[in-house]
Each structure stands twice: as structure tokens, then as C-alpha cells.
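Student: Protein chains in written order, with the numbering used here: chain L, -13 to 237; chain V, -13 to 237; chain Z, -13 to 237; chain D, -13 to 237; chain U, -13 to 237; chain E, -13 to 237; chain S, -13 to 237; chain C, -13 to 237. All residues carry an ideal CB built from backbone N, CA and C; glycine is no exception.
There are 8 protein chains.
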Amino acid sequence: MNPDDLKALLTNLKNDKLSVDDAMKHLKKLPYENLGFARVDHHRHIRQGFPEVIFCQGKSVEQIKQIIERILACNCNILATRAGAQIYEAVYELNDQAVYNEQAATITIEVNPQKKTKGHILIISAGTSDIPVAEEAQVTAEILGSRTKRLYDVGVAGIHRLLTQETKLIEARVIIVTAGMEGALASVVGGLVDKPIIAVPTSIGYGASLNGLAALFTMLNSCAAGIGVVNIDNGFGAACLAHRINILGEK
Amino acid sequence: MNPDDLKALLTNLKNDKLSVDDAMKHLKKLPYENLGFARVDHHRHIRQGFPEVIFCQGKSVEQIKQIIERILACNCNILATRAGAQIYEAVYELNDQAVYNEQAATITIEVNPQKKTKGHILIISAGTSDIPVAEEAQVTAEILGSRTKRLYDVGVAGIHRLLTQETKLIEARVIIVTAGMEGALASVVGGLVDKPIIAVPTSIGYGASLNGLAALFTMLNSCAAGIGVVNIDNGFGAACLAHRINILGEK
Amino acid sequence: MNPDDLKALLTNLKNDKLSVDDAMKHLKKLPYENLGFARVDHHRHIRQGFPEVIFCQGKSVEQIKQIIERILACNCNILATRAGAQIYEAVYELNDQAVYNEQAATITIEVNPQKKTKGHILIISAGTSDIPVAEEAQVTAEILGSRTKRLYDVGVAGIHRLLTQETKLIEARVIIVTAGMEGALASVVGGLVDKPIIAVPTSIGYGASLNGLAALFTMLNSCAAGIGVVNIDNGFGAACLAHRINILGEK
Amino acid sequence: MNPDDLKALLTNLKNDKLSVDDAMKHLKKLPYENLGFARVDHHRHIRQGFPEVIFCQGKSVEQIKQIIERILACNCNILATRAGAQIYEAVYELNDQAVYNEQAATITIEVNPQKKTKGHILIISAGTSDIPVAEEAQVTAEILGSRTKRLYDVGVAGIHRLLTQETKLIEARVIIVTAGMEGALASVVGGLVDKPIIAVPTSIGYGASLNGLAALFTMLNSCAAGIGVVNIDNGFGAACLAHRINILGEK
Amino acid sequence: MNPDDLKALLTNLKNDKLSVDDAMKHLKKLPYENLGFARVDHHRHIRQGFPEVIFCQGKSVEQIKQIIERILACNCNILATRAGAQIYEAVYELNDQAVYNEQAATITIEVNPQKKTKGHILIISAGTSDIPVAEEAQVTAEILGSRTKRLYDVGVAGIHRLLTQETKLIEARVIIVTAGMEGALASVVGGLVDKPIIAVPTSIGYGASLNGLAALFTMLNSCAAGIGVVNIDNGFGAACLAHRINILGEK
Amino acid sequence: MNPDDLKALLTNLKNDKLSVDDAMKHLKKLPYENLGFARVDHHRHIRQGFPEVIFCQGKSVEQIKQIIERILACNCNILATRAGAQIYEAVYELNDQAVYNEQAATITIEVNPQKKTKGHILIISAGTSDIPVAEEAQVTAEILGSRTKRLYDVGVAGIHRLLTQETKLIEARVIIVTAGMEGALASVVGGLVDKPIIAVPTSIGYGASLNGLAALFTMLNSCAAGIGVVNIDNGFGAACLAHRINILGEK
Amino acid sequence: MNPDDLKALLTNLKNDKLSVDDAMKHLKKLPYENLGFARVDHHRHIRQGFPEVIFCQGKSVEQIKQIIERILACNCNILATRAGAQIYEAVYELNDQAVYNEQAATITIEVNPQKKTKGHILIISAGTSDIPVAEEAQVTAEILGSRTKRLYDVGVAGIHRLLTQETKLIEARVIIVTAGMEGALASVVGGLVDKPIIAVPTSIGYGASLNGLAALFTMLNSCAAGIGVVNIDNGFGAACLAHRINILGEK
Amino acid sequence: MNPDDLKALLTNLKNDKLSVDDAMKHLKKLPYENLGFARVDHHRHIRQGFPEVIFCQGKSVEQIKQIIERILACNCNILATRAGAQIYEAVYELNDQAVYNEQAATITIEVNPQKKTKGHILIISAGTSDIPVAEEAQVTAEILGSRTKRLYDVGVAGIHRLLTQETKLIEARVIIVTAGMEGALASVVGGLVDKPIIAVPTSIGYGASLNGLAALFTMLNSCAAGIGVVNIDNGFGAACLAHRINILGEK
């Protein structure tokens, strides 16, 4: 059940267009539905502004399908992350509106098209190899309802590639910076603008990059203030936070 | 030079109330002033919304005093963090408006009182020992111009202390969570609300807390989305980010 | 040889129903039997309350079969953990009572059905992906003789899923909490009840989860007292400890 | 308020010996009392079997005194850990029943003497240097109401010191093992008995002991099952868990 | 060239049975032979008591074959470690005296049978899974000329398996202990005897075993003195050291 | 566009052999060209002395091909590192001058043969297994324009292999040392000569080598001064630095 | 009781020069004596070839004095390590034969002068700062009965300092190498001789030396075989092992 | 003995102005002088271009004085690093030409003034707190004979402070970048110029800076090629390498 549906239902109840019993029937799935292996959190949409997202890694195709069915039954949009092509095929059989973004490894089903925000989130990648993480952020932000723009491959090894785009930095309401290796880009962007910045370290690199820990620590120690860091490769989480911030600027 | 002064100066120049030479004189300190050991970044106020902040750790009293003098000369507010009592005494001699918050270890001089935001930042501490970090965030947010509220000692060992305060969580525009030891509070708060959350791990704990790294990793791995993490004990950085977010919701 | 058989044998010897020579013959395998590559610890059942358990990882199928044969020859129950399907097939050929739990990756042969405890162990999983570890604990506890109940997918991202189940927490004698990612669930459960809690970090997560180390450190630093932690993914060890505690409450 | 007082109060209310208003007055401090810097969790005694314990490290003497006053006002026993001599002096001024255990660095005030358990907890130390941690466990267990016995300096470098004491291992209901350096003692004890064992790594050692991390990892990887591990030097936590287990065996 | 051949050559030269030119021809390969990708250290046999050993991991089959050909050309014994079956087949084609130990993953060619030492090295494994490392040590020690005995699967989870074998510990001149998981066996053996002990941590374990680092740190922190530690899984290195020690006791 | 072409163009413009419009057309690709997924940094050749190098790991074959096409269009040499055979085949189709070094995993296309330096870089490998990293350095240095010499398999286990080559150390202008395992070779070389030394730790080793971190830390802690360290396995980076140093000695 | 005394006592008993009761009286302290806080292991001398050694760190002066009194009462030599000057003063009051080595921080009381071995242990230090650890090894080896020689400050930054001393390496029976920073000396020595080598990493260094971990890992990864490693700064342990090896070569 | 003196001596010997005996007397201190606790490496000046440098940390004042006396006796310049004020006083008594740089904590005695290089080393610090490390590099480079320039407090939080100084970057022959916290400055500088860059991570920072490890890893993972990294806070080592590079460009 999405928030709009809930509001309508409560209004109908108040205006005597709905009996208490019928209201009960609609609401009985709150706050969650127990599938045995999973408790689908139908209340999350109301509590947190978006429905439960399926993190596919470590779940079987069968489990993913069942969870999606339950969420669709509540007329909510679907976002599944870390989804391989095989999972997409199974989901597509379930619902042919399912869209697959191969680079981002995301599946989306938009049964309730969101009205997009006026302000937008700028998503930056330091290198070409960081793009999959940036794309996960992009897909997530869009399905949550935020407009997004992209600025890819502007890492500090050729800093003029970033500096010539300073206007793009200033036009955004929130900025997501994805960077692997030494992850220095977040600090440089952080020193240029007064926007909230979400930094996403990526696992791109080798040797002393320690699978992304080096970039993570770079970002946490940034001498530029105003940067919030999320887990390595967590484009999804960055977009959730960026969206929550972005909607504060609407109205 | 603060942004209002700059605007006035440029308007005067445009309206022929100021000669180019005089404008030059006022502006010559842009973008920074070289003290030899430090380049005071006078442009930061305009570029980033607040003047350069002095991180006292690792600087001599003499260096700190010189930097503060230069910033005051530009009619800007002062925030100095990680300041011991000895540093405060030296600063107080310089300017008797200097205010010391002992728990936060901050010195503030508010020569330009800020108009406060309507929305506020809620600052939560998990335990009593996390309060110094929370206070650093509180002082920082206030001098930047954000209203703040506090909710202290509501850690997960007695989760009803948090749950009975759920209204306070909902009323805030942004939430800062400071927590040491296992740092689980950020995840719990993150699961309850749809606000942007800034999580600050603290170095409180012992043994396997690894001086705050355990709490840091807890927060980065949070299963609740929408949480941005800053460095261990970095109340200042959390407040900078929270303020940047908070002002998006004004007007 | 299981403890009941040993008691009968000694009673028979005492009552002259058995000659010393015959008793010797039965006991000669104590305290262990040398297979060259393994010393099967037949005494462990008597010393520790349950027979030797076969940890399959790193052993060849042939070695596993030989060890199981020797234990079965002593009329003891079999528990093999971390067993792939291939191993199960080989064991099944040996003994068609062998039961395979695919999620838990365990093989059990219950030649001596245990009388179950009156009190029970509650096994909680934070997410769907943590279930294999929870199931390893469940299978282990049951073959050791403890009754168990399950409560799955009640992680802190939607804490109402746990809070509405508080009665289940109170009814249990011992609680096992399996959680990956940030592992915060153990602290929250620990703050709600006065039961002994065994926390099992799982390797579920990515990036800064460090293959389960983040959850491990969270649990070790828990601000809730009364929590004992076992190795990452060690559902088996958690169940052993939980069972030892559970039987203290019998009689 | 301790559980016995609460029961009496509710009985009086039921039997009309107390007005609702008076009951309200007594209960109003539930579930916690806000001191600003701390929310004293008066409900913890009822919920978890013992009152809030004061971890002194990182708290000011003044804060500690205020928390103790509030707990004493509820007629509950006091346990303060990690308390230096200076803190003891301040607490002693407050209440001259305060007892200081210098090795354990604990302060106790027993206003409500506990009836001790019949079964006992055996507290083992590997070396002389581990005794402070063992003593913290001993003091904690006793004030919670558990009988305890000690077995000190029986580390594996001279394993006969342990083996000659095997009876003591068998007589205990729960065993706490404190060990620093390589921490191997927990595994050896774990292989000898079928009791629940709580292992406490200590920070004793140097170099590759990594301030107790080596002992911690040893204990987590123990090839003996049935061992729950707590944080480095956390004698208090070990005793809490041991006590929860110990009381299961009473009645 | 092995040391005996060198001695004969020099004697012949002295006794005029060999011309200087001919001696030169034989010696010209000293101290090493450059294959471009490898400098075969022919001098090592004389300098260090055994010829160069081929560590196969990271070398191509072709490279391994060329190195072995050069060493065989000097009439020296061959030891190749970390050798897969494929490598063995290639070496066998080269020389059909090549012997493969599958568990140890070693290839040996004994062209100069060694006279074995009178004293022997005892090689202990804690568990069945540690045997491959123990076997690498066994094969190495034997080809170097040391007698060996084995004592496998005597880990501390059932310490009587070790204690009943105490005579075997006393009879050995040097002891190698291989153990994974928590690696406690080395400390226990170290506390029982006054022999030099070489401890080999193995990568057996999971989770907090950190691929053998936990066992490594256990062994380095051993409270029993007289233990030398080698790299994780380094059965070869342990045997080299044990052999060097063992031959001190000959004559 | 390479620096020579740029110089010619500017000279022509100055001498009126080229119109401003035509110059503009040639220069319009400066400073970079946006492919969407990559911003090809055409300016890098001028700014840094060599064109953008393609790090193939994490890029698709299609992306690599497009980037190479754009660089070739500017008449610049190509260096692609970490390139599998499959990538080479695709690049070879594009341009049949492409040369593949299998050990180094590099692809080079030399459309503008460089004049080689008079001084040379000596590239040393400690073992046979370190050669691939050494070769990556060799290929890189040569395409950048430096002469190189090789000295392979001279690790400290047989230090005479190095000492007999001391002349080669003295003849070089810069030395690159690649070494895995304990990485001690860099310190030994550093103690013998007064040349700038670039140390490259390799991931060769096992167990406590921590995938090259052990060698990395060895090199960083070298008691011999004058050693600069690059990332693990980063033969490319070492050669870039060595080349920059080498050309200082020309003229 | 030392082994010689024990032998005499048993001979007297056998030859009827001692009554069983008197023998009992002498032996009653075997195998250990319980001081409450310590179990003095009187049996260790017989079992391990030297009496219990007192590691002073973490013990009170009073505890140290009591342990020394008990060992002296058995007519055994005393070795106390990590002893500050204050401890020495207290021990000196107890027994004025106590000798203090300030650099080594050791106290020795030699009540039973040992006959020294014919072969000797060579103790090498890489730098001047490593000498305290080397001295701890030297004092320990001597009191155990081994002859020692020293070779200090011969680190790899000036390798000729070592190479000119090669004879000293060859003359020794066992070699102890102490080295901090990058710890490369052990590998170089290991490549030069065929002696058993005990490597002791020291905590000398800064930054990436990680308090000795860098040197530790260097030594564990040594490409020279035949090196056993002990804990950081553990000169004592190295000497125990070296002595056990050294005495194998006697007779 | 410095190289010029050596050349003169050999010339005199050749020209019969010096007897072999007298030459012997002058040369007898080659290659080093044994003080017992230190082998002063008199040959290092000839072999490596500068005399032995005294790293004071971990050496006694007496040891430092003796080493300095021996080096001065050879008419060589003195550089002592990590020297506290107390050490300076002792050295000053020895030789009143001794100069102390308090920020750098260095002592220099220039008995043989060096001719300075024409090219210079540019030493950059990211922040004010990094200056002590930068100064150690500056003092070292100057005494070795390199000209230096400084550029302090130009970190990436205000990147215009660096970009406006681009000319200074271009004018230098070698660049040393010192930076703590996230250490991003090295990458940015590395992307701007084609000079050899030596990056020095500093231990400035807190929490996740891990005492400089974060900056170290940032620099090792730099996406800008041509950067050599030295140990944390190792301004001395950076200057040695920079000087070796700088002198290549002379003549």
C-alpha cells in the first residue's frame, strides 16, 4: 500500500464511504507480511517514503519472486539491486514492465509513476570503471522520484575535466561522488561547492586499494567538510540519502 | 569578508559609489591571505557558506591567534574546534566576546549573529560519554545558523528511551546520531524515520571497539538506507553536512 | 559409545552380568580410535554431552565416510556440517537414514532419537540471507536434544517486526541471534530481555562488512550486557553453547 | 525501584491499600529519569534482572555521583566499573557503605543483599596479569547474586596446573575463562567439560598480541564448541552472561 | 654440483689428477646459472646444505622444467612444492624417478639418496584438515635427510589424544606443530617438553580465522617459550629449520 | 595531438601559415573529448609528457576500443595495461601494428617512434614470479622513451647473485626493484648505490604476505633512504616515475 | 628445586640415605605452589630445562617479590624480564646478588652458576635501537647456560658491515637476528648460512612500521628458508629457542 | 672522510706526496668504525653521496654524541633528525656550530658547506599541521646540497590556493608533497605536472586517519602516475630521494 492509497482509504472511512470492516481488510497487511523466510515490510513506504527494496545478493530467485509479488500486490513500485541477468529473466516472466539496467544490475517496475522533483541530484564518477556504481545510484534516485544528471570520468588525474564543469556542480541541489582507487575526487568537489555531498567509495583498484577501503578512508578523512560517506559500492544507499535531502528543497 | 559585505561593495562599485581602486583594496585579500604557515581562505565564506574553521589540534597557540585575527579582520564569525582551555585563554585575550564550550572543546566568536533556520537539526547521543561529540555538532550547527535540539543517552541497551521520543525524531528536519561502542543506534533511528541522517561514530569504548572503528563499520553497513557517515568523533563535519541539508528546507 | 550404553555396561559389570574381558572389549575404543588421518574421539560423547561432529570443509569424501562409519559403529548420532550435496550422496549410500538440510548444509543421522527439552531455544535471523546460518544452528540444537523455535527476518531496519514479537523473546530460555551487515539486532534483543543471548555474526554484506568482521565487532562491543559471541557464520557453535545452557533449566 | 518493591506496590493497588494517584507517584519515574546528560533506566532492573550499571570511563565524577544518587533513591544495588580511586572517594562521601575492589576497579553498594545461588560460577585466569579482569567478573557475578569460585594462574604453559584441578571444572555450573597473550586456555577448558564457557580475552601481552585482539581471535576460532566470547577485558559482561545462565539452573 | 662432488674435485686438483682447466670447466656454473627468467643458484647446496627448491606457484610449467633440468644436470636432488598434478606429469616426462605426494603437492627426485639422521623430527597436526601442510613438512624433511615420525589429529578439543602420546613428544629431537583455527596446540606442546618447536599456522578455518592469521598470532603470542613460527601453510620452511636443528644433534 | 604537432601548429599560426579558424579546428578537442562513459584527456600528453594510458581492468572491450580510436586519431602512441588476450585481439583488429607482451599483459601501438634516452633504467626482479610486474614496467618505460636493462631473479636468498652484478647497478641512472614475499631486495639495493630507486611490491607470496601488503610495508620502512614506493604490482606507475626522473639526466 | 638436586634426592632415597617421609617433604612443592595470585611452577625446571621466568610487566612489585622468594627457596636461578629500575631495587633488597642489565631491563640472580656450552649463539642487531631486545636475548641465553657472542648495528643499509663479518656467522651454532623497521636483515643472513636462525622483529620504527608488525611480516615471508620467528621484541623467547637448539650440539 | 678528501689523498699517494703507511692510517676507518653499540658507516658518504644520518629516536643522548663525534672527526656534515631540545643542548656543547630547527626537530652542523644545485625542489604542505614534516624535508634537502622552495597550506579543501600557484609547480625540478588526513593533494599535483613527485603521508588527522595510514593508502592508489611514496612523516627520506633526482638534472 502506498501513502496516497492510505490517505484515500482513511478519508473514505472518515466520510463513511467505507466500513470499518473493509478498512480493516485493506490494512491487515500492516505492518508486515510474513513469508516465513522474509517479513515484507509494507509499512516502510509510509514510514520511510519508499517501499522495501530487494537486495538480491544472497537470496534465491524463488525468494526474490515471492517478495516482488507481495509488494506488487500492494500497488507499489519495485526496485531490486545487485540483480544478475538470470534474476531479471525470472522477474520479467512475472511482470513484463520490468526494466533491466545491465550496468547498474538493477530491475525496476514502475507501476506508480512518480512525479519528479524540480531540483536534481548530480551523479559524478571519477573514472569509467566507477560507472556501474554511479548507475545504481541514478536508477535508485529516479525511481524514488528525484531528477538526476550525470557527470562521468572527471577524476583528479586530469582535474581540468572537473573544473570546466563547475557550473554543473553549482546547479545541482545534492551531489553524489563515486570514486575508487584513492577516492580523492570527493574532497576536491567538497572544496568547490556548498552543496550536501554524498561520497561513495568504489571497489575499483588493486593492491593497496584494499577492495575499496582506501577510497573509503580517504572520503572519511576529507579535509573538506559537508561530506557524508556510505558503504563501498553502495550507489543505492547514496541515492536514498540524496533523495531524502533533495525533496527537502521542493515546495 | 562575508557575503553580505561583498554584495554591498559590488553594488557600490556598480552605482559609482566606490572607485575601482578602493574596491581593489577591499578585495585584494581574495581569494586567500598568506601567513607563511597558513593561507587563510577568505573566499571560503562566499564559496561554501561559512568562513574557514580552525582545527586547533596540531597548531601552536600563536598560529591559532594569527589566523583568528585575520578572519576577524574580515568581519566573519569564528569557530575553533578541539581547543583546550589554554587556547581559549589566549583567544579570550584577543577578543572578549569569545565563548568557550568546555564539553565540546569549541571556541566561538559571533561578530555577525546569524538568523536561525525555522527547521531544526536533532542531535542524538547514544550514551553519556558520547555527549562531547554531540556538543561539538551542536555548537557548530548553531554558529552556522541552524536551530538545534538535543536528545541524549537514548542508546539501544534500553530502546524504550528512544521509542518514547519518536515524535522528536519526526519533528526534526535532519538528524545527527552520535554513538560509540557498537554504534547500533544509527540503524535503529534510520529504520524509524524518513529524514536524512548523519551518523557520527565516537571513539567511546574499549578493546574490540578499536577506537571507534567498530562503530564506524556498523554505521557504514547499516541495513537502514539514507544514512551518511562521517569520521570518528567528527561532530563538526556532521553539523556542516546537516546544516547544508537543513537550509535546503528553508523558504 | 553413548553415555546410556556406558552406564548399562558398567552396571552389568558390577552385577556380574558381564565379564571383565567382555567389558574390556567394549571399552577398548576409549578414549579414541586412530584412523591415521583422524583420531575419532569416542570419549567426547561422555565428556561433553554429544559425539564428535564432522566439519566437512577441508576433508575428502573418503575421510568423511570413514569417520562416520566409526561413529555409527558406536551407536551414536551423526551431525556433519558444511556438507555439499556431493557429500550427502556419499553418506546416504552409507546409511539411508541420513537427512540433508540443504539451506543449513547439514547431514544428520539420528540412530538414537533424543528426548527433547521442555524449554526451547529461539533462533532469530536479521535478514533472509542470514537464514542458512540460523538453520545450521537449528539443526544442531535439535540433534543435541533441544527444542527450537524460529523468528526470521526481523532486522532493525524495520524494528516493529521485532517489537511485535516481544512475547516470543520472553518465552524462550535461550536466544540465538544471527545477523550480518551491521549486526545491530543482537544489541536490540539484548536490551529487551534478561535471557542468555548467543550472537552469531554472518558474512552477509559487502564492502565495509569485511566478510562479517563488522558484524562481529558490533556484537562484541554491544552496550547490552549478557551476550556471548561466536565465530562468523558459526551456527553450529552457537547451538552447542545454547544447548548446554538450555539443559541447565531442565528438571 | 527493584522488582520486589514493584510487586508489593501493585498488590497494594489491587487490594485497595493504595490509591491510583499514589501508585502513579511511585511509578512516574518509569521507564527512565532524564538527568539531561543521562537517562537513568529505572526499568532495567525489572526488564533485565539487574539495575543499570555505571561504566565510569569517560564520565565525570559529578555525572557518576548524580547517576548513583538516582539509583540509590530507588533502593537498588550499585555497581560501578572501571572506577579509579578518586571516583571511589567521591562515591564514599555519598554513601559510606560503598566498597572498593582495587584490582577489579569496581565500586559496589549493596543496599539490598541478594540471596546467593546454590550453583556457582568458576572464574579462571590464565596468568597473574589477567587477575584484574577476573576480579571484575567476580565482583559483578556476586552482586548480581551468583556464588563464585576462583582458579587463578593455570595457563597452558604448565597445563598440569589445570589438569590437577579438573574436579573444580566439573563442579561448576558455568565457567568464565580470562586469558591474554595467545588465549589458548579457553580451548583447552572447552575440550575438557560440557559446561557453558564464557571466554574473556584480556589485553595482557605485547607486540603481536595487538592489545588483546590475538586472544580474541583465538577464542572465536576455538575448535572446542560451546564457548561464547565477550569483548577484550570485559569481565563485567562475562559475569552478566554467566549469571543469566547460572540462575537457569536454580530451582 | 653437490658438496661431495665438489670435495672430490678439489682433492683431485690438489693431487694433480685434474688440470686447472678441467676444474674450471666443472666449476664455471658457480655460483649460479642465468636462464634469463631465473638464476639457478648452484652454490646454494654448498652454502646452505641443500639445493635450490622450486616453489611452483606463479611459475609456468616450462620455467619449472628448465630449472629442474639445470639442477639435475648438477647431480642434485629435486624438491618442488605447491605442484599441481599437471606439473607433475610434465616433470615425470623429464625424469621417471619423479615421485608425487598428492596431499603434500610435492614432487621429489632423489638422484643422490641421503643418509638419514639418527634422531628424528616429530610432525604433529591438530586436525585432519591440517595434514597437507604436515605432509609438505614431512616430504621436505625426508629429502633433506632427516628421519620423521607423524602424530596427526591430536588437537586441543580432545587433549587426552595428545597427553596419551607424551612419550612420542619426548622421543623426538625437534617437533613441528601444524594447526589451523585457533592454533592453540603449539602452546600446549610447548608447555610439555623442552624440545625446539617449530609452529606452522595453517589457513584451515573460516570467518575470524582470517585465512590463518588468527592461528599465526596465537603461535607468536604463545606463553610457552621456545617456539619458532613460520609463515601460514609453510610446511616446507618449517622442515628446513627443523632439519638444520636436527643435524646439530647428530655425531 | 602530441607536443611536437602542437608546437608546429602554433608556429604556423604565428607565421601566418595558418588561419585562426583552422587553428581552432585543430585545437577544439582540447582539453578532452567526452565519450559519455569516458573523457579522453587529449591534453595530458602536453601537460604530463605522455598520452592517456588505458587501464583495461574494469572496462569493457567496446569502451577500450573507442578510447584507443580517439587517441590514435590524435596521432599519439598507445599503451594499454592489464589487457587479456581477448582485448588484444579486438585491438589488433583495429590496428595491426598493435604489439602484445603476454607476460606484461600490455598492448602497445607506436605510431610515433620515440627517440630513446641515452641513460637507462635498470629493472630488477627478486624472483621469477615477479617478472610480469617487471615486464609491465619495462614495456611502459620503453614506450615513454627510456632505454631499459633487465636484471631478473637476484633476490636476497642468494645475495651473491646481486653482488656480482654491482656494476650494473652503478651504470643505471634510475633503478626499479620489483619484489614480492618479504620485499627485502629494495633495501639491499638501496644500501649499495646512490641512484633514485623505485620499489614495486608484488602480490607474489602466500599467507602472511597479505597479497603484497607485507612487501609494501617492508619497502616503506626501508632503512636505506632514497626509495620511493608505488602500489602493489604497479609496474606501470614505477616506470612513469622512473622515466620522469631519467629524462632529467638527458642533455 | 633444580634437576641436580632432584637427582641427588632420588639417589639418596634409593640408597636408603633418605627416608620416604623426608623425601616427601622435599618433593611436596611439586608440581607447583599456589600463592593465590600465582601458581609457581616448580616442575618447569625439570620438564623444560629452566625454571619459571618472571615477566614483570603487569605484575605488582609485591607479587614479583613473592614469586622470586618461592623460586629462590628451591635453589633455582632467577630471570626476571621487562623489569624497571624500581623493581630491581625491591629485588635487590631481597637478595643482593641480583644483577640488573639496564638496557635489557632484566634482573638475574645466579645461585647455581651454569656450566656454559662449548658452541655459542650469535646475537645480531640491525641497528643501535634494536640493542635492548638483543641484550634481553643475550642475558637470557647466558643464564640458561649458552655461550653468546654479539654483532651489533650491521643492518642492510650498509650491507658490507655484515658481509665483512661472514666468518662470525659461520662460527656460530645458532643465530638470533633482531631487526626493526623493515626487518630485512633476517632474510639476508638466512641466505648466507646454513644455521638455524631465530628472527626477532622489534618495534623500532614509525608510521608504516606498525609498531613492529611490518618487520614481523617481513620475517615470516622470508624467501630464505630455515628461519623461525618469535613475537615482536621477544628477545627472551628467541633465546629460549636458541638455547634449546644450541644444547643439541653439545657432546 | 668526504669524497673530496678521499680524492686528494689518492692523488697525493699517486704523486708520491704521501707514503703508503700514511695513506693506510687515513683510510683505516673504512669502511666503518665499531663503537660497540653502533658501526659508523664512514663509507656511506662515498657510496651514497651523503654521510650517515643520525635518527635520534630510540638512541640515548650519550650514543648520539659519540656517533656525531666520530663523523665530525671525518670532516663530514652532520644531520640528526627527530631530535628533541634536550639532545640539541648536548650536541651544542659538543660543537657550537650546531643549528636547531625546532619545527623540523633537526640538528645540522655544516662543516663543509655544500655548493647548491641550480634546479630546486619544491616542498608543498597540504595544511599548517603538516609543516613539521615539510620542514624536515627542507632541512635535509638543503644540507644534502639541493636548493628548495616552500609552498605551504594549499590543501584541496580550497583548491584555488594551489591552482593560482601553478607556475611554482612548473618551475620546480622535483616536488615533495606532504599531506595528512585524506592525503588527496598528491594526486591533484600529480595530475597537473610532469615532474617526479615524492609523496609523504603525515600522521595528522584523527579517527579513520589511522595515524597516517589513510593518507598513505590514498597516495599509493593515486590515479595520477609518477608518484613515489615514502613512509608516514618521513620528510627525511623524501628529501633524500628528491635530492638524488635533483642532482641528475645538474650539468
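So with Cβ pairs under 9 Å, would you call residue 218 of chain U a contact of chain Z?
Tutor: Start at 1 with the first residue of the fifth sequence, and residue 218 of chain U comes out as number 232. Judged by the 9 Å Cβ criterion, residue 218 of chain U is not in contact with chain Z.
Student: Tell me the DSSP bridge mates of residue 20 of chain Z?
Tutor: Here the question's residue 20 of chain Z lines up with position 34 in the third sequence. Answer is Z:25, bridged to residue 20 of chain Z.
Student: How big is the Cα-Cα spacing for residue 57 of chain L and residue 223 of chain L?
Tutor: Numbered from its first residue, the first sequence carries residue 57 of chain L at position 71. Numbered from its first residue, the first sequence carries residue 223 of chain L at position 237. Cα-Cα distance, rounded: 20 Å.
Student: According to the neighbour-count rule (16 or more other Cβ atoms, all chains shown, within 10 Å of its Cβ), is residue 181 of chain U buried or exposed?
Tutor: Counted from its first residue, the fifth sequence places residue 181 of chain U at position 195. Buried.
Student: Quick one: any contact between the segment 152 to 172 of chain L and the segment 195 to 205 of chain C, if contact means 3 or more CB pairs under 8 Å?
Tutor: Output reads yes: the segment 195 to 205 of chain C touches the segment 152 to 172 of chain L.
Student: In this structure, how does DSSP classify residue 223 of chain E when only helix, strand and coil are distinguished?
Tutor: The residue you call residue 223 of chain E lines up with position 237 of the sixth sequence. Here residue 223 of chain E sits in helix by DSSP.
Student: Which parts of the segment 62 to 100 of chain L are runs of the beta strand (DSSP E), unbroken and 3 residues or longer, counting only runs that do not cross its ends?
Tutor: List check, beta strand (DSSP E) in window: 64 to 67, 85 to 87 and 92 to 95.
Student: So the alpha helix (DSSP H) residue 4 of chain Z belongs to, where does it begin and stop?
Tutor: Within the third sequence, residue 4 of chain Z is the residue found at index 18, counting from 1. Here residue 4 of chain Z belongs to no alpha helix (DSSP H), and DSSP marks it neither H nor E.
Student: Please name the residues in the segment 91 to 123 of chain S whose beta-carbon is closer than 7 Å to at least one beta-carbon of chain C, in chain order.
Tutor: Cβ contacts with chain C: 114, 115 and 117.
Student: Considering just the uninterrupted stretch of the beta strand (DSSP E) at residue 136 of chain C, what are its terminal residues?
Tutor: What you label residue 136 of chain C is simply residue 150 of the eighth sequence in a count that begins at 1. It spans 133 to 138 - the beta strand (DSSP E) in which residue 136 of chain C sits, taken as one unbroken run.
Student: Let me know the beta strand (DSSP E) ranges lying completely inside the segment 163 to 202 of chain V, each 3 residues or longer, listed in chain order.
Tutor: Entirely contained in the segment 163 to 202 of chain V, the beta strand (DSSP E) runs reaching 3 residues are, in chain order, 183 to 187.
Student: In whole angstroms, give me the CA-to-CA distance for residue 151 of chain E and residue 177 of chain E.
Tutor: The residue labelled residue 151 of chain E in the question sits at position 165 within the sixth sequence. The residue labelled residue 177 of chain E in the question sits at position 191 within the sixth sequence. The straight-line gap from Cα to Cα measures roughly 14 Å.
Student: Given 8 Å as the limit, is there contact between the segment 82 to 94 of chain V and the segment 141 to 151 of chain V, that is, 3 or more CB pairs closer than that?
Tutor: No, the segment 82 to 94 of chain V is not in contact with the segment 141 to 151 of chain V.
Student: With a threshold of 9 Å between beta-carbons, can residue 230 of chain E be considered close to chain C, or not?
Tutor: Counted from its first residue, the sixth sequence places residue 230 of chain E at position 244. So, interface residue.
Student: Consult DSSP for residue 129 of chain L and reduce its assignment to one of helix, strand or coil.
Tutor: As a position in the first sequence, residue 129 of chain L is number 143, starting the count at 1. Note: residue 129 of chain L maps to helix in three-state DSSP.
Student: What residue range does the alpha helix (DSSP H) around residue 47 of chain Z cover?
Tutor: As a working mapping, residue 47 of chain Z is identified with position 61 in the third sequence. 47 to 58 is the extent of the alpha helix (DSSP H) around residue 47 of chain Z.
Student: Quick one: grab the DSSP three-state call for residue 214 of chain S.
Tutor: Position 228 of the seventh sequence, counted from the start, is the residue given in the question as residue 214 of chain S. Residue 214 of chain S falls in the strand class under three-state DSSP.
Student: For residue 155 of chain C, report the span of its alpha helix (DSSP H) as first-last.
Tutor: For the purposes of this step, residue 155 of chain C is taken as residue 169 along the eighth sequence, with counting starting at 1. Unbroken alpha helix (DSSP H) run through residue 155 of chain C: 152 to 157.
Student: Could you check what DSSP says for residue 119 of chain S in three-state terms: helix, strand or coil?
Tutor: Within the seventh sequence, numbered from 1, the residue matching residue 119 of chain S stands at position 133. Correct three-state label for residue 119 of chain S: helix.
Student: Along chain Z, in chain order, which residues have C-beta atoms closer than 7 Å to that of residue 207 of chain V?
Tutor: If you number the second sequence from 1, residue 207 of chain V lands on position 221. Under the 7 Å cutoff, chain Z gives 167, 168, 191, 194, 195 and 200.
Student: Any beta-carbon of chain S closer than 9 Å to the one on residue 56 of chain C?
Tutor: Your numbering for residue 56 of chain C matches position 70 in the eighth sequence. No, no contact with chain S.
Student: Three or more C-beta pairs closer than 8 Å, one from the segment 129 to 144 of chain U and one from the segment 117 to 134 of chain D: is that the case here?
Tutor: No, the segment 129 to 144 of chain U is not in contact with the segment 117 to 134 of chain D.
Student: Residue 186 of chain V versus chain Z: which residues are under 8 Å apart at the beta carbon?
Tutor: Start at 1 with the first residue of the second sequence, and residue 186 of chain V comes out as number 200. In chain order: nothing, as chain Z lies at least about 15 Å away.
Student: Taking all protein chains shown into account, do 16 or more other C-beta atoms lie within 10 angstroms of the C-beta of residue 237 of chain S, making it buried, or fewer, making it exposed?
Tutor: Against the seventh sequence, residue 237 of chain S aligns to sequence position 251. Residue 237 of chain S comes out exposed.
Student: Closer than 8 Å, Cβ to any Cβ of chain S: which residues of the segment 124 to 158 of chain D, in chain order?
Tutor: Answer set for the segment 124 to 158 of chain D: 138, 139, 140, 143, 144, 146, 147 and 150.
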